[in-house]
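Protein chains: 2
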Amino acid sequence: MPLYRAPVEDFRFLFHELLELEKHRDLPGFADLSPELIDDILANAGKFCEEVLQPLNQSGDEEGCHFENGTVRTPKGFKEAYKAYSEAGWGGLGAPESAGGAGMPPILTMAVSEMGMSANQSLAMYPMLTAGAYGALLATGPDWMKQHIVPKMVSGEWAGTMALTEPGCGTDLRLMKTKAVEQPDGTYKMNGTKIFISGGDQDLTDNIIHMVIAKIPDENGQIHDDLATVNFFMVPKFIVKGDGTVAAKNGVNVGGIEHKMGIKGQATCVLNFDDAIAWRLGPKPVPPKPGEKRSTSAGMAGMFGMMNQARLGVGVQGIGIGEVAYQNGYAYAHERRVGRALTGPKEPDKPADLEIVHPDVKRMLLQARSATEGLRALAAWTTLNSSIARSSRPEAESAALLEDLMTPIIKSFGTDMGFEAANLGMQCYGGHGYIRDNGVEQFVRDSRINQVYEGANGVQAMDLVGRKLGRKGGAAPMALFALLAGWIAENEKDQAMQPFVTGVKRGTEALQAATMWLAANGLKNPNDAGAGASDYLRLMGITMLALMWGKMAKVSLGKDGKLHKDKLMCARYWMERMVPECPMLLERVQAGSSSIMELD
Amino acid sequence: MPLYRAPVEDFRFLFHELLELEKHRDLPGFADLSPELIDDILANAGKFCEEVLQPLNQSGDEEGCHFENGTVRTPKGFKEAYKAYSEAGWGGLGAPESAGGAGMPPILTMAVSEMGMSANQSLAMYPMLTAGAYGALLATGPDWMKQHIVPKMVSGEWAGTMALTEPGCGTDLRLMKTKAVEQPDGTYKMNGTKIFISGGDQDLTDNIIHMVIAKIPDENGQIHDDLATVNFFMVPKFIVKGDGTVAAKNGVNVGGIEHKMGIKGQATCVLNFDDAIAWRLGPKPVPPKPGEKRSTSAGMAGMFGMMNQARLGVGVQGIGIGEVAYQNGYAYAHERRVGRALTGPKEPDKPADLEIVHPDVKRMLLQARSATEGLRALAAWTTLNSSIARSSRPEAESAALLEDLMTPIIKSFGTDMGFEAANLGMQCYGGHGYIRDNGVEQFVRDSRINQVYEGANGVQAMDLVGRKLGRKGGAAPMALFALLAGWIAENEKDQAMQPFVTGVKRGTEALQAATMWLAANGLKNPNDAGAGASDYLRLMGITMLALMWGKMAKVSLGKDGKLHKDKLMCARYWMERMVPECPMLLERVQAGSSSIMELD
């Protein structure tokens, strides 16, 4: 069975040394966050993931979910593990104390979430989706939901889902067919089919709160290709009354579960809404005046907030799988013997040296590790920015811009590198990696979904280039370049920092040139922007990880101990082997779209 | 169910226009190879793969192989399809007419093999392994085997395997434990365990001829960590006597079949040799004189020949999966509607445009296609070189060097790009790609094995850098650089060829610099060569595909029709988007091993 050791020491390094959370006690939710509390949470969450979630990962994959008599049964052991997770309070870690949660800031829930994803992505997704759903209710729901529904979700008694996708409608919400018709009592009657609903049904909780988007038809009952008709709804599996009492089963029926490549312990459901009672979230949409365009439903902000959190969460899934795949590849390379070190036998008394002596094996492991640890730093830094953005600090606005800009990077680059790390971990096993019993091929299959759901990675690139770069007159890239220039200026006189400053500079220059090129050409020919979007996203990802490695090198220089030496090793690796991609990616962006658009 | 259309037109382009096989009728086996015969074979093989093999691909994956009462049962339909394959003569296409084959040269068997791998890798591997085994018997077996065993394999009545790997021994043959002890009648008694034996057992044929390597113990019955004690053996499932009669079952027992990530219709077996009767191949090894080293068994040449063919064959598996994944991604992008073209709606009367309008989708498809078609050209060109190498032409020697040099490139770069193409094809499906019913995730799982078996890709890189570059005073890279320089000189005055010549030049310059760097540093510090081996291999792969695309562009320029225009489009794509990797890969090679070797 694969192993997993929670990277508690790395999180401690990030939180105490790199981000110095102790200096951020002014941020919302950070007041009680003493270093001891952080360490305590990390250690306990790590232990829980190692001991309770991870032992069910391979068996859950093997057994999968069952769809019987219209309901879902999760794999053996999931129910007990989920109960233990809830009872330990992990599901409510980030929820406000008023709702029964621990009130911890997102930087801690992110750490706990990553460890859960390493240990058992299928299982850890159930509470992750629940947290996303109660977050949306807290943001947009009426008081009775906050009072009677949210606490049940925080405690884990009830779960939540995001129900957005339909058979003919993924990215392009205009194509949605599910409709919700207002009833005299102010609720809505919902009809339609949603697919790919993670945790859409299960046997872990007494009730499930579905967060659904649907169109409100016009006065003739027709739905339109108009995004402004899309609204955000709360649709419980069992109807919940305003006083919190639970009534009959709602018209939400499970049409089936998907037979998937991976995350087989996670029930991916088809949900049929058959006259389901639904509650619209947010203020009631105002019908447009004649000649005016309908404005977007205010409740949709809750959906977008939930979706952005989910995108960051999926990026963290990539990091989590990257970590566990690295650990197993590393362990195998220290067990398996093959060949001799190129410079002469390391253990002449043994029939062969360990696989780890081979430079190509070390290269694979360092590629996986420097990406994973670099992305963990980027995710932590971005999550800290999200708290700064919600504070009254003067830098709140630029922190919000950076959080917004980094969301597609963490989702897309995070899951691409996570999938690569899964493959590298498996590659260390040679032919044995392909055998299911060894458990590493599961990481490849599980992590592959992270690149396609929650907005396929190409969609993230389009979002980055088509929306985020230009928004507010380019404020986000300007904030980013100011940050990069500031860091370079701060460190370029430091002799010991030279290799790292050079790397960050090189990435920054390529990224700036690519940004200028897109600004100059993307408006003239939008296909030029589209053709370079994925390469641009990767360029920003590599550059941001260069910055993270530069920052981590700075706090590691001159310190003793394995962790700091390893940080310097990874930082050098990133500058030497990944930063050289930057000019190449710039060249690809600048190649434009002419040869690409020829494909019919 | 996924679709597959055999790329007959592309093979016709390669054989008639690019390689002009009509001018090679002097080569061994080419005399009867008229253009009509080539077209006839391609069309019939393509039809067979589309109609007989491909419909069983998804069902074979779903059902898998069964291990019951000590024997293997293949998935439903495999037996009938295998019989039809054999009866149509595809299994003996490349075998000499004297053995009942069609005597076609390897360039045709390669084409038929690729189509089989696209259609159904699991099923097509059974005859591929048989052809490898009878090829080895033809090369090293005694007359009675050529007379009584080979024809049964050519007809498909019997199958063959390669039984090399052991539980503790993959790449490093010194660690092998299986031993074979000579008996008074000149046969050997073999004991040991082999694992990962593809087609190690099945219900398709009456007998299976295992090609096995094992150590011959010394006079005290001890085996040694000495490669020269390894010999090559023929071990039938049912004993075959010298007169061809089949006797009792041999001591070869199936220990089980592996539960794998993919190629589930292919039985990957554990074989236990329990006093199995084995026939050593090749002349009897001469015991070393006192003080001398034992020399390698002459029969091992047959094993190496079989292994090199298998490596090329695995590269072709990568190409085959790349092709079918591309076709399905392309088809899906022409069915699914999402969003609008960035330059304005293409089909304003439809609710959304087709997915193919998006530049990032075209980019993914062109990446898969230019790699797949480029690799197909490289494999065909290399296979033609293998025939030239076996001819009496003056260029036979340099053709042999190029074939040898390209073997790790086609295996490793071919399967890396095949896996990438499988992922890109799947990515075009968005979230739907992850669903097993859609059949594209199978390409990802199936093609993943191509990177790890038959020498993991990192092992190929070590073989390239550690052995093939330096052999015979660097004759192989010298032949390659002469070829590249010749092509550049021949085309650089042609205005229309400029973009392609520039690309080939850029790749060549980086490859030359990397080769010089490895020559200068690899001896001083072998870890420097090891650390850069994988990047060097990729650099050579990209450069060789630039050459292939340059050659394909040349024969396509000025010609009408979709095929030639598409070739020019792919050639431009390769030069614009893949060749820019070359200087980056050079930089990675030159980064050396110092940061990498720090990982403990």
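These protein sequences, in sequence, are chains A and B. Everything in the first sequence is counted per the working numbering, starting at 1 for the first residue and increasing by one. Everything in the second sequence is counted per the working numbering, starting at 601 for the first residue and increasing by one. Think of the CB as a built atom: it goes at the ideal place given N, C-alpha and C, for glycine as much as any other residue.
1. Kindly indicate if chain A contains any beta-carbon less than 7 Å away from that of Gly771/B.
2. Based on Cα-Cα distance, which residue from Val338/A, Ala248/A, Ser412/A, Trp279/A lies nearest to Val609/A?
3. Out of Ser798/B, Gly703/B, Gly741/B, which has the shortest C-alpha to C-alpha gap to Tyr726/B?
4. Output yes if chain B places a C-beta closer than 7 Å to the C-beta of His259/A; else output no.
5. Quick one: residues in its chain with C-beta nearer than 6 Å to the C-beta of Ile638/B, no 5 flanking neighbours on either side, listed in chain order?
6. With burial defined as no fewer than 16 other Cβ atoms inside 10 Å of the residue's Cβ, what is the status of Pro628/B: buried or exposed?
7. DSSP beta-bridge partners for Thr161/A?
8. Indicate the three-state DSSP secondary structure (helix, strand or coil) for His666/B in the structure shown.
9. Among the residues of its own chain, which have a CB less than 8 Å from the CB of Ala602/A, if the five just before and after it don't count?
10. Residues in the same chain with beta-carbon distance under 7 Å from Ile542/A, minus the five sequence neighbours each way, listed in chain order, please.
11. With a threshold of 16 other CB atoms inside 10 Å of the CB of Leu783/B, please say whether the residue is buried or exposed.
12. Any idea if Asp1135/B is buried or exposed, counting beta-carbon neighbours within 10 angstroms, 16 or more meaning buried?
13. Less than 7 Å between C-beta atoms, sequence neighbours within five positions excluded: which residues of the same chain meet that for Val1155/B?
14. Ser1134/B touches chain A at which residues, Cβ-Cβ below 9 Å?
15. How long is the line joining the alpha carbons of Met1140/B and Cys49/A, rounded to whole angstroms?
16. What does Gly915/B reach in chain A if we use C-beta pairs closer than 7 Å?
17. Could you pull out every unbroken alpha helix (DSSP H) segment of at least 4 residues lying fully inside the segment 437-478 of chain A, listed in chain order?
18. Quick one: what does DSSP say Pro142/A is sitting in, helix, strand or coil?
19. Per DSSP, Met834/B forms a beta bridge with which residues?
20. Considering only their Cβ atoms, is the gap separating Met426/A from Gly418/A smaller than 7 Å?
21. Where do the ends of the beta strand (DSSP E) carrying Glu782/B lie?
22. Among the candidates Pro359/A, Ile356/A, Arg337/A, Asp360/A, whose CA atom is the shortest distance from the CA of Asp349/A?
23. Please work out which residues of its chain come closer than 6 Å, Cβ to Cβ, to Asn491/A, disregarding the five sequence neighbours upstream and downstream, and give them in chain order.
24. Note the first and the last residue of the continuous beta strand (DSSP E) segment covering Met190/A.
25. Should Gly821/B be labelled buried (16 or more other beta-carbon atoms within 10 Å of its own) or exposed?
26. Name the chain B residues that come within less than 7 Å of Ser447/A, Cβ to Cβ?
27. So, is Asp826/B buried or exposed, given that buried needs 16 or more other C-beta atoms within 10 angstroms?
28. Name the chain A residues that come within less than 7 Å of Phe613/B, Cβ to Cβ?
29. Can you give me the C-alpha to C-alpha distance between Ser155/A and Ile488/A, rounded to a whole angstrom?
30. Which residues mark the beginning and the end of the alpha helix (DSSP H) in which Glu223/A is found?
31. In the DSSP assignment, find the unbroken beta strand (DSSP E) run with Thr671/B in it and report its ends.
32. Distance, Cα to Cα, Met811/B vs Glu441/A?
33. So, using beta-carbon positions, are Leu3/A and Leu53/A closer together than 7 Å?
34. Tell me, to the nearest whole angstrom, how far the beta carbon of Pro696/B is from that of Gly689/B; I am working on the premise that it is less than 8 Å.
35. Mind checking Val712/B: buried by the 16 CB within 10 Å criterion, or exposed?
36. Just how far apart, CA to CA, sit Ala1191/B and Ala999/B?
So, from the data block:
1. According to the sequence provided, residue 771/B is Thr. The question's Gly does not apply to it. Chain A places a beta carbon closer than 7 Å to that of Thr771/B, counting this residue as a contact.
2. This structure cannot settle anything about residue 609/A, because the visible part of chain A is limited to 1 through 600.
3. Ser798/B
4. yes
5. Excluding sequence positions up to five before and after Ile638/B, its CB lies within less than 6 Å of the CB of Phe615, all in the same chain and listed in chain order.
6. exposed
7. His210/A
8. strand
9. This structure cannot speak to residue 602/A, because chain A is shown only from 1 to 600.
10. Gly507, Met578, Val579, Glu581, Cys582
11. Looking at the sequence provided, one finds Gln at residue 783/B rather than Leu. Classification for Gln783/B: exposed.
12. buried
13. Glu617, Leu618
14. Residues of chain A passing the Cβ test: Asp360, Arg363, Met364.
15. 44 Å
16. In chain order: nothing, as chain A lies at least about 17 Å away.
17. Correct list: 441-448, 457-463.
18. Note: Pro142/A maps to coil in three-state DSSP.
19. Beta-bridge analysis with DSSP links Met834/B to Met811/B, Trp879/B.
20. no
21. 779-782
22. Arg337/A
23. Met497, Val501
24. 188-198
25. exposed
26. Within chain B, no residue comes near Ser447/A; the closest Cβ sits about 11 Å away, beyond 7 Å.
27. exposed
28. Neighbours of Phe613/B on chain A: none; closest Cβ ~18 Å, over 7 Å.
29. 46 Å
30. According to the sequence provided, residue 223/A is Ile. The question's Glu does not apply to it. DSSP places Ile223/A in no alpha helix (DSSP H); its state is neither H nor E.
31. 671-673
32. Taking the straight line from one Cα to the other gives about 29 Å.
33. no
34. That belief does not hold up - the Cβ atoms of Pro696/B and Gly689/B are roughly 13 Å apart, past 8 Å.
35. Result: buried.
36. Distance between Ala1191/B and Ala999/B, taken at the CA atoms: about 32 Å.
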